[in-house]
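There are 2 protein chains.
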Amino acid sequence: MNVVAGIDIGGTKTKIGLVNQQGESLVQTFFRTKDYPDLDLFLEKINSTISELKNQTSRDTNLLGVGIGAPNASSKRGTIENASNLVWKGSVPLLEKLKEKINLPAKLMNDASAAALGEMLFGDAKGMKDFIVVTLGTGFGGGIVANGQLIDGYDGFAGELGHIDLTLGDGRLTGLGVRGGLEAYVSATGLKRTILYMLCKYNEESRFRSIAYNDLHGEEITKAAEEGDPIAIKAFEYTGKILGFALANFTAFTQPEAFFLLGGLAGSDKWIFEPTKKYMDTYLLDIYKGKVKLLPSGLQDKNAAISGAAALIWSEFKN
Amino acid sequence: MNVVAGIDIGGTKTKIGLVNQQGESLVQTFFRTKDYPDLDLFLEKINSTISELKNQTSRDTNLLGVGIGAPNASSKRGTIENASNLVWKGSVPLLEKLKEKINLPAKLMNDASAAALGEMLFGDAKGMKDFIVVTLGTGFGGGIVANGQLIDGYDGFAGELGHIDLTLGDGRLTGLGVRGGLEAYVSATGLKRTILYMLCKYNEESRFRSIAYNDLHGEEITKAAEEGDPIAIKAFEYTGKILGFALANFTAFTQPEAFFLLGGLAGSDKWIFEPTKKYMDTYLLDIYKGKVKLLPSGLQDKNAAISGAAALIWSEFKN
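Here the protein sequences line up with chains S and D, keeping their order. The opening position of the first sequence corresponds to residue 1 in our numbering, with each subsequent residue numbered one higher. The opening position of the second sequence corresponds to residue 1001 in our numbering, with each subsequent residue numbered one higher.
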């Protein structure tokens, strides 16, 4: 059976799985990215992990290649550049170094772009020519498909939607020092910051008055909203308003048929989807109204990041 | 000799020319769009005008087809929809009706998208795979090319960049009733509105204190800036700041290699290019800095709108 190794490099974990042609990860594992500050040792760990996974599958498993998704990755250069959440600094020639160790087709791409390819191959964007995947995790990523193709950009850095600033340079500071960048509002971290904002703005009682910022976790905010905590509910409404406003604006750019939300914050279900949809519909231009879908990713159940990374290679074998 | 009829439908004038394979308009003319509120009469006028132009050329002139650029046009539907500056209201099936009268290949496209095709075929974007043409006339239009292809969007309304709102819904009202839309700031009309804003904000003397808004023309503002009028200079600085900020944000979307500015406001040369470049460079993310060009359209000398419209057909004949 043919498989592709799908690798998702994140700030905390590096996840690896062997993925079949249906996008299913047959076996997978992870290790802590920060345990490998030396790039060579990291790549050796990748190599040995793939071998271990392969040994866990049947004898006739044939590895077609390696697809990697990572933050701040350039598909055109095969590098990771100045990723604020990763241990390696500056411009990292990841693909070139990996190919020295693994003699197989290998591709690297921005994690959100990989997710968009995954959505097209294995998820709910099958047959769509124009759509955008928005990843809402620690940060905010974008994978843009238009005319049936993934948009790379001039040197592979298209889709950095989390750094789009809708506040004329006068908003919250992001991790990259950009004022007003979307990811300072719409992400797991952004939601936590919005809890602070709401605690400051309103007087209502809330469990969050007894929890320090550093002890705050995204899932707790969803739970609090379920239980009627007014600060949590206001925080989701505000987050959805900004996301809905942003998606309405993105529509005027490439006019997608659908937006797919993926990642931690997308897991808050109606708390994020309902206000986002409401405000997106409010702010959409008339020529777009009723034509843009807001959907959960079809890969939420599957191991989305691993499947997406594997799609980089599987997309070469389609038909 | 083979030619294509290039037609630019504008709120004031409809321009028609016969364009050769080099993008040069050999003969051209115009008539007033508003003189033809009846669509059938308008299309007959188009038809007769093309015949007249053809009679002005040599006998061996062979008309390959008709390309049309218009505001709010959908290339996928062949319609013009709710164009606020045109006489025909609602959804206008222009292409279908035209084909009843003219038995030739015909295409319709948003005027800014047509300009982008023109820039790729006849202008300074030859060989570029990723660029954006921004048209700065009465409004603000966008034509986006990515992966070497024009981006149409789900039903042909991509590139409505003038309606992107960078003020979180709290800015000037555009003609379409959108708050904060870019075209309320960066366009011939936007510049005039900014003159009012500057007259209101500052106390300096200015020739514009003696001119009513309705008597104000864009070229006068450029002339005033040349002569040192402080309100005109501040207005250009402000316009360039918002445009530069917008282009920096657009870069995070499809990462173009270059932006081309076209249209009336682009004719203000350094008064618009210098502040736009300065602020674009200020606001660009580090991964993009030094990689994005800001250029005047290579079609400014040619009859840009006519050439762009003709490119719709000529692009079918390139190898």
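Don't be surprised by glycine CBs; every beta carbon is placed ideally from N, CA and C.
Using a threshold of 7 Å, state whether the C-beta atoms of residue i and residue j are closer than that.
i	j	result
S:Ile313	S:Leu64	yes
S:Asp152	S:Ser84	no
D:Gly1290	D:Gly1218	no
S:Gln334	D:Tyr1154	As displayed, chain S neither begins before 1 nor continues past 319, which places residue 334 of chain S out of reach and without an answer.
S:Lys241	S:Met198	no
S:Ala311	S:Asp8	no
D:Ala1283	D:Phe1259	Checking the displayed sequence, the identity of residue 1283 of chain D turns out to be Tyr instead of Ala. Their beta carbons are not under 7 Å apart, which means D:Tyr1283 does not touch D:Phe1259 by this criterion.
S:Leu115	S:Leu261	Inspection of the sequence shows that residue 115 of chain S is occupied by Ala rather than by Leu. It is not a contact, given that the beta carbons lie outside the stated cut-off.
S:Asn62	S:Asn2	yes
S:Ala266	S:Leu150	no
D:Val1087	D:Lys1015	no
S:Val66	S:Leu121	no
D:Ala1216	D:Lys1192	The sequence shown places Leu at residue 1216 of chain D, rather than the Ala named in the question. Going by C-beta atoms, D:Leu1216 is nearer than 7 Å to D:Lys1192.
Roughly how many angstroms separate the alpha carbons of residue i and residue j, rounded to a whole number?
i	j	result
S:Glu24	S:Phe253	33 Å
D:Gly1159	S:Asn249	11 Å
S:Gly190	S:Tyr213	12 Å
D:Asn1319	D:Lys1107	Note that D:Asn1319 has pLDDT 46, beneath the 50 cutoff, so the model's placement of it is unreliable and the number below is only indicative. Taking the straight line joining both Cα atoms gives about 19 Å.
S:Ala125	S:Thr49	31 Å
S:Gly139	S:Leu161	10 Å
D:Ile1068	D:Ala1309	5 Å
S:Leu166	S:Gly181	7 Å
S:Thr12	D:Asp1281	32 Å
D:Gly1010	S:Gly142	35 Å
S:Tyr31	S:Ala70	This sequence places Phe at residue 31 of chain S; Tyr is not what is there. Distance between the alpha carbons of S:Phe31 and S:Ala70 is about 15 Å.
D:Ser1187	D:Val1019	28 Å
S:Ile164	D:Val1292	16 Å
D:Leu1094	S:Gly177	48 Å
D:Lys1201	D:Thr1194	10 Å
D:Asn1303	S:Glu274	48 Å
D:Ser1307	D:Leu1299	8 Å
S:Asn47	S:Val133	29 Å
D:Pro1296	S:Gly228	56 Å
S:Lys277	D:Ser1113	29 Å
S:Arg179	S:Pro37	30 Å
D:Gly1156	S:Ile287	10 Å
S:Ser51	D:Thr1251	40 Å
S:Ser58	S:Leu41	28 Å
D:Ala1184	D:Leu1173	7 Å
S:Gly175	D:Lys1045	58 Å
D:Asp1060	D:Gly1123	27 Å
D:Asn1082	S:Leu247	22 Å
D:Asp1130	S:Ala146	13 Å
S:Glu204	S:Asp170	27 Å
S:Ile144	D:Ile1144	13 Å
D:His1238	S:Gln21	A small correction: the amino acid at residue 1238 of chain D is Tyr; His does not occupy that position in the sequence shown. Roughly 53 Å between the two C-alpha positions.
S:Asn72	S:Lys99	19 Å
D:Ile1080	D:Gly1148	25 Å
S:Phe236	S:Leu294	16 Å
D:Leu1243	D:Glu1119	20 Å
D:Lys1101	D:Ala1005	14 Å
Would you say the beta carbon of residue i is closer than 6 Å to some non-hydrogen atom of the ligand HEM?
i	result
D:Gly1143	By its list of ligands, the structure shown contains no ligand whatsoever, and the ligand HEM lies outside what it can speak to.
Report, in whole angstroms, the separation of the C-beta atoms of residue i and residue j, which I expect to be a contact under 8 Å.
i	j	result
D:Val1092	D:Leu1053	About 24 Å separates the two Cβ atoms, so there is no contact after all.
D:Lys1089	D:Leu1043	Rounded, the Cβ-Cβ distance is 17 Å, inconsistent with contact.
D:Met1128	D:Glu1257	5 Å
Under 7 Å (Cβ pairs) to chain S, residues found in the stretch 1161-1191 of chain D: Within the stretch 1161-1191 of chain D, the residues whose Cβ lies closer than 7 Å to some Cβ of chain S are Leu1161, His1163, Ile1164, Asp1165, Leu1166, Thr1167, Leu1168, Gly1169, Leu1176 and Val1178, listed in chain order.
Selection of the stretch 1146-1157 of chain D by Cβ proximity to chain S, strictly under 9 Å: Listed by position along the chain: Ala1146, Asn1147, Gln1149, Leu1150, Ile1151, Asp1152, Gly1153, Tyr1154, Asp1155, Gly1156 and Phe1157.
Any 3 or more C-beta pairs closer than 8 Å across the stretch 220-238 of chain S and the stretch 205-212 of chain S: Three or more Cβ pairs drawn from the stretch 220-238 of chain S and the stretch 205-212 of chain S lie within less than 8 Å of each other, which places the two stretches in contact.
Contact set between the stretch 66-92 of chain S and chain D, restricted to residues whose Cβ is under 9 Å from the partner: For the stretch 66-92 of chain S, the residues whose beta carbon sits under 9 Å from a beta carbon of chain D are, in order, Asn72, Ser74, Glu81 and Asn82.
Members of the stretch 245-261 of chain S that neighbour chain D once the beta carbon cut-off is set at 7 Å: Within the stretch 245-261 of chain S, the qualifying residues are Phe245, Asn249, Ala252, Phe253, Thr254, Gln255, Pro256 and Glu257.
Residues of the stretch 284-308 of chain S whose Cβ lies closer than 9 Å to any Cβ of chain D, in chain order: Under the 9 Å Cβ criterion, the stretch 284-308 of chain S contributes Leu285, Asp286, Ile287, Tyr288, Lys291 and Val292.
Within 9 Å of chain S by C-beta, residues of the stretch 1123-1141 of chain D in sequence order: Within the stretch 1123-1141 of chain D, the residues whose Cβ lies closer than 9 Å to some Cβ of chain S are Met1128, Lys1129, Asp1130 and Phe1131, listed in chain order.
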